[in-house]
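This report concerns only the one structure given below.
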Amino acid sequence: MKFKGEEKMIITSPGKVLRKNYRLSGNYYFSLLLKDDIVEVCFPLCSNSSLFCFKVRGFLTERDFRGKGWIEILTEEGDTEMVIPPYTQGFFVGKKMESLPEVEAYSKIFWEIPSQVNSFRTNWSRIPVYYSQFRNSLPSIGFREADEGSYIGIGDTPERAILNSIHLGRIGRDALFKQARKFLVNFDDLDDKTVRDNIFLSLFYSNSSCVDVDDTCIMASKSPKYYVSGGFWARDFIFWTLPVIERYDPSRAEDLISTLLSKYWKNKGIHALYLDGRILYDGFELDQLSYYFLALERGMHYGILDPERSLEMADELITILESRKHERYNLYST
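Set out below in structure tokens:
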């Protein structure tokens, strides 16, 4: 069928925002987005270079939390209790479901592509495990109820999701609370909520540990509401969010710099990459290449690179720059 509509479209142009003012939370594995009576649980499937989200209606709502913006990984007194340690594949909520939830799912790089949701019951929980078939993975979400509330687990298979929820339940709410509190000590001197919100967004939404492979990835945003969620831009990460991560979680920063200088190095200077480092949007961009000089310095700082290797990699950058330089003017082709 021939398309007769408007033919002009710039693929990197964000569409009109129809819904805004989401409540956000999450950790290094997943993001949470709350709007009205729906909570979206999203996590990247790194082997498929895509963000995957479950939309759950009938569990958490905006009414569970006061205020606006980021929901702390240890919620405030008066809110529904939620405990999200930084490195767990799931979280605890101090409430139970009154009835079975409605669950939808979709994948996201540029566009939200709906995915069929299936479910089955286990002997471990009255709440079914929900999963989708997505390429070579079975992204899933599982629920385990206890006297104190609910443990929610994510996984790349139904087994993994329900077992993660069981594992969190065995750790228990109190131990999970201690893990989250230990992490939050680093932020005790931050009283301004806007500053705190942006720091946690930088920490948790610019990168991710992967549930489906033993790896980390760097991404434009772990929020599916950003116009390109499953893409990588060197400039955005190195210049905007890496300094924040270095300030508040240096060990995480070291791991991400190592990932940056290995997985994403091959296609340095390209406009946008997939989460696995392949080319997503071809075309050279000067700023996407130039910020790697800063990354090389940070690589030496953490001992990821020795000076000799750093100079070799800097020469690679300079060679690319020289190949793009105008023969007469200090201008570079893009």
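For the sequence shown, the positions run 4 to 337 when my numbering is used.
Beta carbons are placed, not taken as given, at the ideal position from N, Cα and C, and that holds for glycine.
Query raised in the report: What does I157 pair with, by DSSP beta-bridge criteria?
Result: For the purposes of this step, residue 157 is taken as residue 154 along the sequence shown, with counting starting at 1. I157 pairs with I144.
Query raised in the report: In this structure, does DSSP put F57 in helix, strand or coil?
Result: Indexing the sequence shown from 1 puts residue 57 at position 54. Residue state, collapsed to three classes: strand.
Query raised in the report: Counting Cβ pairs closer than 8 Å, one from the stretch 198–217 and one from the stretch 174–189, do we hit at least three?
Result: When Cβ pairs closer than 8 Å are counted between the two stretches, the stretch 198–217 is seen not to touch the stretch 174–189, the count staying below three.
Report task. Quick one: using the 10 Å Cβ neighbour count with 16 as the cut-off for buried, is S153 buried or exposed? Result -> Position 150 of the sequence shown, counted from the start, is the residue given in the question as residue 153. So S153 ends up on the buried side.
**Report entry** Paired residues, beta bridge with F235 - DSSP
**Finding:** On the sequence shown, residue 235 is found 232 positions in, with the first residue counted as 1. Beta-bridge pairing by DSSP links F235 to L276.
Query - Residues bridged to F287 (per DSSP) - result: Mapped onto the sequence shown, residue 287 falls at position 284. Paired residue(s): I273.
Requested in this report: Report yes if the CB atom of G280 is closer than 8 Å to the CB atom of K269, and no otherwise.
Outcome: Taking the sequence shown and counting its residues from 1, the one referred to as residue 280 is at position 277. Taking the sequence shown and counting its residues from 1, the one referred to as residue 269 is at position 266. In this structure, G280 places its C-beta atom within 8 Å of the C-beta atom of K269.
**Report entry** Reference F95, options D290, T78, Y31, Y332, closest by Cα
**Finding:** What you label residue 95 is simply residue 92 of the sequence shown in a count that begins at 1. Scanning D290, T78, Y31, Y332 for the CA closest to the CA of F95 turns up T78.
Query raised in the report: Can the beta-carbon of A275 be found less than 8 Å from the beta-carbon of L283?
Result: Along the sequence shown, one-based indexing puts residue 275 at 272. Along the sequence shown, one-based indexing puts residue 283 at 280. Taking 8 Å as the Cβ cut-off, A275 and L283 qualify as a contacting pair.
Query raised in the report: For the beta strand (DSSP E) that contains N210, what are its first and last residues?
Result: Along the sequence shown, one-based indexing puts residue 210 at 207. Counting along the chain, the beta strand (DSSP E) containing N210 begins and ends at 210–212.
Requested in this report: Specify, as a first and last residue, the run of the alpha helix (DSSP H) that V247 falls within.
Outcome: Numbered from 1 along the sequence shown, position 244 holds the residue referred to as residue 247. Start and end: 245–251.
Requested in this report: Hey, could you find the ends of the alpha helix (DSSP H) Y295 is sitting in?
Outcome: On the sequence shown, residue 295 is found 292 positions in, with the first residue counted as 1. 295–304 is the span of the alpha helix (DSSP H), which, as asked, contains Y295.
Query raised in the report: Hey, would you say M222 sits closer than 8 Å to S212, going by beta carbons?
Result: As a working mapping, residue 222 is identified with position 219 in the sequence shown. As a working mapping, residue 212 is identified with position 209 in the sequence shown. In this structure, M222 sits away from S212, with a CB-CB distance that is not shorter than 8 Å.
Query raised in the report: Given 8 Å as the limit, is there contact between the stretch 86–101 and the stretch 58–68, that is, 3 or more CB pairs closer than that?
Result: These segments touch.
**Report entry** Member of F235, L63, S50 whose CA lies at the smallest distance from the CA of E43
**Finding:** Taking the sequence shown and counting its residues from 1, one reaches residue 43 at position 40. L63 is the residue among F235, L63, S50 whose C-alpha sits nearest the C-alpha of E43.
**Report entry** DSSP state of G172 mapped onto helix, strand, coil
**Finding:** Sequence index remark: in the sequence shown, residue 172 carries index 169 (1-based). G172 falls in the helix class under three-state DSSP.
Query raised in the report: Relative to the C-alpha of F123, which residue among P161, H170, W114 is closest?
Result: Along the sequence shown, read from residue 1 onward, the residue named residue 123 stands at position 120. Of the candidates P161, H170, W114, the one whose C-alpha sits nearest the C-alpha of F123 is P161.
Query - Of the listed residues I116, N51, K111, D258, nearest to G302 (C-alpha basis) - result: For the purposes of this step, residue 302 is taken as residue 299 along the sequence shown, with counting starting at 1. It is D258.
Report task. Would you identify the three-state DSSP class for F203, choosing helix, strand or coil? Result -> On the sequence shown, position 200 is the one that residue 203 refers to. Residue state, collapsed to three classes: helix.
Query - Assigned exposure category for G81 - 16 Cβ within 10 Å defines buried - result: For the purposes of this step, residue 81 is taken as the residue at position 78 of the sequence shown. It is exposed - the Cβ of G81 has fewer than 16 other Cβ atoms within 10 Å.
Query raised in the report: Would you report the Cα separation of G175 and Y294, rounded to the nearest angstrom?
Result: Within the sequence shown, residue 175 is the residue found at index 172, counting from 1. Within the sequence shown, residue 294 is the residue found at index 291, counting from 1. When rounded, the separation of the alpha-carbon atoms in G175 and Y294 is 43 Å.
Query - Rounded C-alpha distance that separates K5 from E319 - result: Position 2 of the sequence shown, counted from the start, is the residue given in the question as residue 5. Position 316 of the sequence shown, counted from the start, is the residue given in the question as residue 319. With a pLDDT of 42 at K5, under the threshold of 50, the predicted position of this residue should be treated as unreliable, and no value is reported.
Report task. Run the CB neighbour count on V188, radius 10 Å, all protein chains shown included, and call it buried at 16 or more, exposed below. Result -> The residue you call residue 188 lines up with position 185 of the sequence shown. Flag for V188 reads exposed.
Requested in this report: May I ask which residues mark the beginning and end of the alpha helix (DSSP H) holding P1?
Outcome: No answer is possible for residue 1: it lies beyond the span of the chain, which begins at 4 and ends at 337.
Report task. Please classify R331: is it buried, with 16 or more other beta-carbons within 10 angstroms of its beta-carbon, or exposed? Result -> Working through the sequence shown from its first residue, we reach residue 331 at position 328. Of the other Cβ atoms in all chains shown, fewer than 16 fall within 10 Å of the Cβ of R331; this residue is therefore exposed.
Query raised in the report: Less than 8 Å separating the beta-carbons of L27 and I74?
Result: Within the sequence shown, the letter at position 24 stands for residue 27. Within the sequence shown, the letter at position 71 stands for residue 74. It is a contact, given that the beta carbons lie within the stated cut-off.
Query - Contacts around S336, its chain only, beta-carbon distance under 6 Å, and the 5 residues preceding and following it disregarded - result: Locating residue 336 in the sequence shown gives position 333, where the first residue counts as 1. Counting only Cβ-Cβ distances below 6 Å, and skipping sequence neighbours, we find R327.
Query raised in the report: K58 to I321, Cα distance in whole Å?
Result: Numbered from its first residue, the sequence shown carries residue 58 at position 55. Numbered from its first residue, the sequence shown carries residue 321 at position 318. Their Cα atoms are separated by approximately 46 Å.
Query raised in the report: For S102, which residues of its own chain have a beta-carbon under 7 Å away from its beta-carbon, when the five flanking residues on both sides are left out?
Result: Against the sequence shown, residue 102 aligns to sequence position 99. For S102, where only same-chain residues beyond five positions count, the Cβ hits under 7 Å are G61.
Requested in this report: Whole angstroms is fine: what's the gap from Q291's alpha carbon to F242's?
Outcome: As a first step, residue 291 is located in the sequence shown; it is residue number 288 there, counting from the start. As a first step, residue 242 is located in the sequence shown; it is residue number 239 there, counting from the start. Computed Cα separation, rounded: 10 Å.
Query raised in the report: Once you ignore the five residues that flank Y251 on each side, which residues in its own chain have a CB closer than 8 Å to its CB?
Result: Taking the sequence shown and counting its residues from 1, the one referred to as residue 251 is at position 248. Result list for Y251: N189, F190, I202, L206, in chain order.
Query raised in the report: Taking buried to mean at least 16 other C-beta atoms within 10 Å of its own C-beta, is N333 buried or exposed?
Result: Numbered from its first residue, the sequence shown carries residue 333 at position 330. With fewer than 16 Cβ atoms within 10 Å of its Cβ, N333 is classed as exposed.
Requested in this report: In angstroms with no decimal places, state the Cα-to-Cα distance between A149 and S313.
Outcome: Counting from one through the sequence shown, the residue named residue 149 turns up at place 146. Counting from one through the sequence shown, the residue named residue 313 turns up at place 310. A149 and S313: Cα-Cα distance of roughly 52 Å.
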